[in-house]
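In what follows, a structure is listed as structure tokens, so that the remarks can point back to it.
Number of protein chains: 2
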Amino acid sequence: MISKKVKAGVEGGSAIRALFEEGKNLADRYGVENVCDFSIGNPNIAPPAAFKNAIIDILNEEDPVFVNGYMNNAGYEQVRQAVADNLNRRFGTSFGISNIIMCVGAASGLNVIFKTLLNPGDEVIAFAPYFLEYRNYVSNYDGKLVEIPANPPEFLPDIDKFRASVTPATKAVIINNPNNPTGVVYGEDTINAIADVMREKEKEYGTSIYLISDEPYRELVYDSETVVPYLTKHYHNTIVGYSFSKSLSLPGERIGYIVIPSEIDDYQDVFDGAVLCTRISGFVNAPSLVQLAVSRCLDETADIGFYGRNRDMLYNALTEIGFECVKPEGAFYMWVKTPVDEAEFVALCKKHLVLVVAGSGFAGPGYVRLAYCISPDVIEKSIPKFKAIMDEIKHK
Amino acid sequence: MISKKVKAGVEGGSAIRALFEEGKNLADRYGVENVCDFSIGNPNIAPPAAFKNAIIDILNEEDPVFVNGYMNNAGYEQVRQAVADNLNRRFGTSFGISNIIMCVGAASGLNVIFKTLLNPGDEVIAFAPYFLEYRNYVSNYDGKLVEIPANPPEFLPDIDKFRASVTPATKAVIINNPNNPTGVVYGEDTINAIADVMREKEKEYGTSIYLISDEPYRELVYDSETVVPYLTKHYHNTIVGYSFSKSLSLPGERIGYIVIPSEIDDYQDVFDGAVLCTRISGFVNAPSLVQLAVSRCLDETADIGFYGRNRDMLYNALTEIGFECVKPEGAFYMWVKTPVDEAEFVALCKKHLVLVVAGSGFAGPGYVRLAYCISPDVIEKSIPKFKAIMDEIKHK
């Protein structure tokens, strides 16, 4: 009776969300202290105090009709200006308010971009493994997601396979840097190699191919030498989607922005289209009070070092036990090769009250994703469990 | 290059939003004090103090990881329970948390409902004049909006034409009560007449036809005898979309909820589908802090009497000048017959620095909509302007 597409989606379910619910059930049954839940990227650290202070100051100082009211669908002009100034200062760009659209979290921003760009049948290339929602976001507008493998052990895109997969129907390429689920950061060389292929193919086909940079983890890098390139400087047709969910630890607030540089092909259509899509898709505008609050916290972050310490503890423990992991340079996910069949491994972990997400859900079979944005106590408690899991595998 | 559908939308533009921008331009040119802008439904009154207090209390009392964090895509369980309890107390219903999904404003709720229900080609019936975004929301999912006229002077649905227009492809009927743009309230008789036709046609075709009740103006009624029926009690396949934008004067915050009663056909598919669509459309969840805040303000409203006083002042003045208006029972819009051609009248108003929206944008040609959710000073200042407009019409 309902939409056939939605019915299929309901039946397919979301592996991660199902685990999220299952984690709560296991916690109820065995006690929350006995379950080690690595399933969902729900930041477990508080926002910086500046965020709370900004909210309270705004409520006390500003006119509530302004603070809680409608504004341009693209967002408050002063917020967009503040975001543009902040980016220009950090990355040497030259954005203005007509390059920034505030959005209801990165998920909304990506939907707005895809709705703006895609005609039915248009292809969007993603490098596997990738955030599994991309498939839904592209499908929402009847686009076709094309997967290019990223090769182990570095999980950087296979440039030759990428080149061979770009067609005249390729409307966009999406990258997620730092990457969910692998934690890998694409450096300048990788970005330039991707951009070279895109320029070459644009010329060959006479098309515009947009590079969509999904950057919710931009600030989450752990080593001083790791630099996440700002892609608008590397490729002319780049659109950036950003979220404050991770940097300010505000995932429930749904706040982010899109950057649409003036130099992209059909800039005015893309910008106007994205504003229109923000409205007609039902977002209307990014939540007003939180827009104003984040604009006062653009140089703040939550305690990112927390994730770095978690990464080190988990990575060191798992590799010592004998697991093969990609050492994450950014984000808060560990990508672990399963020593046995993936589904068997996930079930075995669950038996030991450890929740991990199967890599197949990210188009990366043979691996699992561990979200380590959790309490260090849970990681500590998981170590003997992972040891027991490995023992059970070795002695079966 | 961009989506053909979006490109067409960009070229069509939004009459209301264009006027919104035009109003700002006129204000810059002639001084904000000289422009009377009746174009957009942007509440001009503050939220109740309870809202600000709730936000500050929550920030001071609750764990920020909970307050700003992810929750079930349907919303916090305690918020959904509070909403259900509030509805049950007010309307004698018996909803629980599995009947409530928190959403990013009514626009998001309606998109989620349409995405959940519609297969391409499915028909959705709306009674003209109607909120013009319905056309976009239905088109987003390749549905077809079917308009049924509402007859002057009462602007209640033409039930015979409605009956003749329901087909086996009719998936839903949407009503907006109190109505934007007419301010009319459909009472029990009207609702029962609509429901009778729907029951009859469900039986005749063996289909499920959902009644979607879009209720952002529910609390905005001005006469003690005006009752807005709660539709789940009148028709078994009702789904309600609600927003706090007007009742709490929070239009920028994007917060509302959907009610999916357990007795509707395919309840579980509809509920699970709506939760899925909340996620994959990019809403993910209603903004978290504001969810918690509104759940503490469910019995509060902004100063609704403000709109009642505006209604009386504007209605009395316009009818005295000789305009033919529908006396609004609810919402904050006045629906005024244009004494001359509609486009000519809109232009004439603009010449006098009065901004009104052409009725054609609401599928109601020959009328204009005046949003009177504005400062009483502006209404007062508009009266001599409307007199001058009428004089100019009479003496041309």
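Those protein sequence lines, which keep their order, are chains A and B. Taking my numbering, the leading residue of the first sequence gets 173, the next gets one more, and so forth. Taking my numbering, the leading residue of the second sequence gets 173, the next gets one more, and so forth. Don't be surprised by glycine CBs; every beta carbon is placed ideally from N, CA and C.
Asked                                                                                                                              : Found
7 Å CB neighbourhood of residue 545 of chain B in its chain, flanking five on each side removed                                    : 213, 214, 215, 216, 479, 504
Close-in-space but distant-in-sequence residues of the same chain around residue 369 of chain A (CB under 8 Å, 5 per side omitted) : 331, 334, 335, 338
Three or more C-beta pairs below 8 Å linking the stretch 349-356 of chain B and the stretch 298-309 of chain B                     : yes
Contact with chain B by residue 243 of chain A, beta-carbon distance below 8 Å                                                     : yes
Proximal residues of chain A, C-beta to C-beta of residue 279 of chain B below 7 Å                                                 : 454, 456
Buried/exposed call for residue 232 of chain A, threshold 16 Cβ in 10 Å                                                            : exposed
Interface residues of the stretch 409-435 of chain B facing chain A [CB-CB below 9 Å]                                              : 417, 420, 421, 422, 423, 424, 425, 426, 427
Listed by chain order, chain B residues near residue 288 of chain A by CB distance under 7 Å                                       : 174, 175, 178
Distance between beta carbons of residue 284 of chain A and residue 450 of chain A, contact taken as under 8 Å                     : 5 Å
Where the alpha helix (DSSP H) containing residue 288 of chain B begins and where it ends                                          : 277-289
Buried or exposed (CB count within 10 angstroms, at least 16 for buried), residue 223 of chain A                                   : buried
DSSP three-state assignment for residue 574 of chain A, whether helix, strand or coil                                              : Here chain A comprises residues numbered 173 to 568, so residue 574 of chain A is not present and cannot be evaluated.
Residue span of the alpha helix (DSSP H) that contains residue 184 of chain B, given as start and end                              : 176-184
Runs of beta strand (DSSP E) lying entirely within the stretch 519-543 of chain B, each at least 3 residues, in chain order        : 539-543
Residue 419 of chain B: first and last residue of the uninterrupted alpha helix (DSSP H) it sits in                                : From DSSP, residue 419 of chain B is part of no alpha helix (DSSP H); its letter is neither H nor E.
Cutoff 8 Å: residue 228 of chain A Cβ touching any chain B Cβ                                                                      : yes
CA-to-CA distance, residue 196 of chain B to residue 528 of chain B, given in whole angstroms                                      : 14 Å
Segment contact flag, the stretch 285-294 of chain B with the stretch 462-482 of chain A, C-beta cutoff 8 Å, min 3 pairs           : no
Residue 441 of chain A versus residue 430 of chain A: straight-line alpha-carbon distance, rounded                                 : 15 Å
Uninterrupted beta strand (DSSP E) stretches inside the stretch 197-252 of chain A (no shorter than 3 residues)                    : none
Neighbourhood of residue 345 of chain B by C-beta, 6 Å cutoff - its chain only, sequence neighbours within 5 removed               : 297, 383
Opening and closing residue of the beta strand (DSSP E) in which residue 323 of chain B lies                                       : 316-323
Cβ pair residue 381 of chain A, residue 405 of chain A closer than 8 Å                                                             : no
Residue burial classification, residue 255 of chain B (beta-carbon count within 10 angstroms, cutoff 16)                           : buried
Buried/exposed call for residue 508 of chain A, threshold 16 Cβ in 10 Å                                                            : buried
Under 8 Å between C-beta atoms of residue 560 of chain A and residue 247 of chain A                                                : no
Residues within the stretch 359-387 of chain A neighbouring chain B, beta-carbon criterion of under 8 Å                            : 380
When B:251, B:221, B:483 are compared against residue 240 of chain A, the one with the closest alpha-carbon                        : B:221
Identified DSSP bridge partners for residue 414 of chain B                                                                         : B:429
Option in A:536, A:554, A:565 with minimal Cα separation from residue 329 of chain A                                               : A:536
Alpha-carbon to alpha-carbon, residue 564 of chain B and residue 226 of chain A                                                    : 52 Å
Check whether residue 515 of chain B and residue 211 of chain B have beta carbons under 8 Å apart                                  : no
Segment limits, alpha helix (DSSP H) that includes residue 347 of chain B                                                          : Segment 342-348 is the beta strand (DSSP E) holding residue 347 of chain B; no alpha helix (DSSP H) there.
Contacts that residue 254 of chain A makes with chain B (C-beta to C-beta distance below 9 Å)                                      : Under the 9 Å cutoff, chain B gives no residues; its nearest Cβ is about 17 Å from residue 254 of chain A.
Residue 266 of chain B classed as buried or exposed, judged by whether at least 16 other C-beta atoms fall within 10 angstroms     : exposed
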